[in-house]
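Enquirer: Quick one: the structure is below, questions incoming.
Residue numbers (my numbering), protein chains in the order written: chain A, 1458 to 1659; chain B, 717 to 942.
Rendered as structure tokens:
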């Protein structure tokens, strides 16, 4: 299963371009394209929002954390960067989870999945780099709030940018971004073994 | 109701509607102007209360590395060396370098922090944790996005790392408060690793001109609180 997270929404428009482009609207249309591409690859897809709502970071993570074996993709449009490029981010290193009571602290739910997130991110970024010149070859590292509380292989995909003069320039990127995410998820699938949590019962 | 009264009533309604159409936009404009004036005066008062730490010309001049955006690789930082008189006190020194960073490079396109952002306070705890409290403009005026927010935090962390070895990790507050994210993306609930090397006394170096240094640099590694 893939949990797709169109970022922002509701009263939070995210990045805004001078031409009236709003990140929250663009990512929703990107999500529909990505969903179609993933379903064609045989994935079941769940979205954290379908319309103009703004679930909290924790609510979005909870959608993925409630599923065993899911992967999480949060979609963003930047307000800087070279237009026409796409970057994949995985969470920066987090301090290891201490203790062995079998539970992962919610605020560090990503810890056991960091390696898998890196593998998944590199697959997706590799396919994006083939399609969008100027994009990096491998996933980048950043302290993305949304990823930290997600107990699944989790990546943020950020498309550049809301500074384009015409929204159609971004819309034209959606099929390529969707195809790269779907191919990346398919390539990642064989290597995905859900990690055992520290202290979990056998 | 007689036709005459009906006519007068309708006429009255039309008159009221016309008056409202003329005066409501005027009233709205005046209210907006008043709110803007109030906002400006609040910002002015805050700026007067939070005057940046002045550079003391008596302090020894030191080659100071400031990390601004690269003009060739996007998004990346590049160190620029500036010859500045810096205090040997780590808190004063941190304030001096961060205020210089906030002032921005000659080329405004290479800024990493909004021009209206202010450093309101800076503390250094005995364990090497620095707490930098910035004005709301840092969060409100920064371009929203993972890349731009990460670049801003990295520029602060790398500038402290290069110039204040006593700072081991960095906590960023906005107007005295812990916030969840900088501008919707970057996690500010934890601390960022700044220096991992043992603390050494700052080295006083010979004066140097304003020169861009080497290639773009590494990313600040955030860590979580236990």
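Glycine is no exception: its CB is placed at the ideal position from the N, C-alpha and C atoms.
Taking 7 Å as the threshold (beta carbon to beta carbon), is residue 799 (chain B) in contact with chain A?
Expert: Residue 799 (chain B) does not count as touching chain A.
Enquirer: Quick check on the burial criterion: 16 or more other C-beta atoms within 10 angstroms. Buried or exposed for residue 811 (chain B)?
Expert: Buried: at least 16 other Cβ atoms inside 10 Å.
Enquirer: Can you tell me whether residue 1579 (chain A) is buried or exposed, with buried defined as 16 or more other CB within 10 angstroms of its CB?
Expert: It is buried - the Cβ of residue 1579 (chain A) has at least 16 other Cβ atoms within 10 Å.
Enquirer: Compute the distance between the beta-carbons of residue 1651 (chain A) and residue 1559 (chain A), then report whether it is under 7 Å.
Expert: No, they are not a contact pair.
Enquirer: Scan the segment 1607 to 1627 of chain A for residues whose Cβ lies nearer than 7 Å to a Cβ of chain B and list them as they occur along the chain.
Expert: Correct list: 1613 and 1615.
Enquirer: Please name the residues in the segment 1591 to 1606 of chain A whose beta-carbon is closer than 7 Å to at least one beta-carbon of chain B, in chain order.
Expert: If the cut-off is 7 Å between Cβ atoms, the segment 1591 to 1606 of chain A has 1598, 1599, 1600, 1601, 1602 and 1605 near chain B.
Enquirer: Closer than 8 Å between beta carbons: that is the criterion. Which residues of the segment 850 to 864 of chain B meet it against chain A?
Expert: Per Cβ criterion, the list reads 859, 860, 861, 862, 863 and 864.
Enquirer: Based on Cα-Cα distance, which residue from A:1552, A:1574 and A:1575 lies nearest to residue 1564 (chain A)?
Expert: Checking every option, the nearest Cα to that of residue 1564 (chain A) belongs to A:1552.
Enquirer: Assign residue 722 (chain B) to one of two classes, buried (16 or more other C-beta atoms within 10 Å of its C-beta) or exposed (fewer than that).
Expert: Counting Cβ neighbours within 10 Å, residue 722 (chain B) comes out exposed, since fewer than 16 surround it.
Enquirer: How is residue 835 (chain B) classed by DSSP in three states: helix, strand or coil?
Expert: Looking at residue 835 (chain B) - three-state DSSP - the assignment turns out to be strand.
Enquirer: Are the Cβ atoms of residue 1481 (chain A) and residue 1539 (chain A) separated by less than 7 Å?
Expert: No.
Enquirer: Just the C-alpha distance for residue 1619 (chain A) and residue 774 (chain B), rounded to the nearest angstrom, thanks.
Expert: For residue 1619 (chain A) and residue 774 (chain B), the distance between alpha carbons rounds to 47 Å.
Enquirer: Would you check if the distance between the CB atom of residue 1566 (chain A) and the CB atom of residue 1606 (chain A) is smaller than 7 Å?
Expert: Yes, they are a contact pair.
Enquirer: For residue 1009 (chain B), which of helix, strand or coil comes out of DSSP?
Expert: The shown model of chain B, from 717 to 942, leaves out residue 1009 (chain B), and the question about it has no answer.
Enquirer: Which ranges would you report for the alpha helix (DSSP H) in the segment 823 to 876 of chain B if only whole runs of at least 4 residues count?
Expert: Runs found: 853 to 857.
Enquirer: Quick one: which residues of the segment 888 to 907 of chain B get their C-beta closer than 7 Å to a C-beta of chain A? List them in chain order.
Expert: The segment 888 to 907 of chain B vs chain A, Cβ under 7 Å: 896, 897, 900, 901, 902 and 903.
Enquirer: Given residue 1626 (chain A), which residues of its chain have a CB within under 8 Å of its CB, disregarding the five upstream and five downstream residues?
Expert: 1540 and 1541.
Enquirer: Would you say residue 1465 (chain A) and residue 1471 (chain A) are within 7 Å of each other, going by their C-beta atoms?
Expert: Cβ distance < 7 Å, so residue 1465 (chain A) and residue 1471 (chain A) count as in contact.
Enquirer: Where does residue 746 (chain B) land, buried or exposed, given buried means 16+ other C-beta within 10 angstroms?
Expert: Exposed.
Enquirer: Is it buried or exposed, residue 739 (chain B), if we count other Cβ atoms within 10 angstroms and call 16 or more buried?
Expert: With fewer than 16 other Cβ atoms within 10 Å, it is exposed.
Enquirer: Out of B:801, B:790 and B:783, state which residue places its alpha-carbon closest to the alpha-carbon of residue 877 (chain B).
Expert: Out of B:801, B:790 and B:783, B:783 has the C-alpha closest to the C-alpha of residue 877 (chain B).
Enquirer: For residue 860 (chain B), which residues of its own chain have a beta-carbon under 8 Å away from its beta-carbon, when the five flanking residues on both sides are left out?
Expert: Closer than 8 Å at Cβ, skipping near neighbours: 899, 900 and 901.
Enquirer: For a contact meaning CB atoms closer than 7 Å, what does residue 1469 (chain A) contact in chain B?
Expert: Those within 7 Å of residue 1469 (chain A) in chain B are 900.
Enquirer: Work out the CA separation of residue 1477 (chain A) and residue 778 (chain B) for me, nearest whole Å.
Expert: Going by the C-alpha atoms only, they are around 46 Å apart.
Enquirer: Measuring CB atoms only, is the segment 842 to 854 of chain B touching the segment 883 to 895 of chain B, in the sense that at least three cross pairs come out at less than 8 Å?
Expert: The segment 842 to 854 of chain B, when compared against the segment 883 to 895 of chain B, does touch it at the 8 Å Cβ threshold.
Enquirer: Rounded to the nearest angstrom, what separates residue 865 (chain B) and residue 1512 (chain A) at their Cα positions?
Expert: Roughly 21 Å between the two C-alpha positions.
Enquirer: Check for me: the alpha helix (DSSP H) holding residue 1634 (chain A) runs from which residue to which?
Expert: Looking at the DSSP string, the run of the alpha helix (DSSP H) that includes residue 1634 (chain A) is 1631 to 1645.
Enquirer: Leaving aside the five residues before and after residue 829 (chain B) along the sequence, list all residues of the same chain whose C-beta is less than 6 Å from its C-beta, in chain order.
Expert: Closer than 6 Å at Cβ, skipping near neighbours: 818 and 868.
Enquirer: Under 7 Å between the Cβ atoms of residue 1544 (chain A) and residue 1462 (chain A)?
Expert: It is not a contact, given that the beta carbons lie outside the stated cut-off.
Enquirer: Determine which residues of the segment 1536 to 1554 of chain A have a Cβ less than 8 Å from any Cβ of chain B, and write them out in chain order.
Expert: Result list: 1536, 1537, 1538, 1539, 1544, 1546, 1549, 1550, 1551 and 1552.
Enquirer: Between the alpha carbons of residue 1437 (chain A) and residue 803 (chain B), how many angstroms are there, rounded?
Expert: No answer is possible for residue 1437 (chain A): the residues shown for chain A start at 1458 and end at 1659.
Enquirer: Determine the DSSP secondary structure at residue 1551 (chain A), reduced to helix, strand or coil.
Expert: Residue 1551 (chain A): coil per DSSP, three-state reduction.
Enquirer: Are the beta-carbon atoms belonging to residue 1598 (chain A) and residue 1582 (chain A) less than 7 Å from one another?
Expert: It is not a contact, given that the beta carbons lie outside the stated cut-off.
Enquirer: Could you check whether the Cβ of residue 790 (chain B) sits closer than 7 Å to any Cβ belonging to chain A?
Expert: Residue 790 (chain B) counts as touching chain A.
Enquirer: By the 8 Å beta-carbon criterion, what residues does the segment 1508 to 1521 of chain A contribute toward chain B?
Expert: Those residues of the segment 1508 to 1521 of chain A that come within reach of chain B (Cβ to Cβ, closer than 8 Å) are 1514.
Enquirer: How about residue 1472 (chain A): is its C-beta nearer than 7 Å to some C-beta of chain B?
Expert: Closer than 7 Å to some Cβ of chain B, the Cβ of residue 1472 (chain A) qualifies, so yes.
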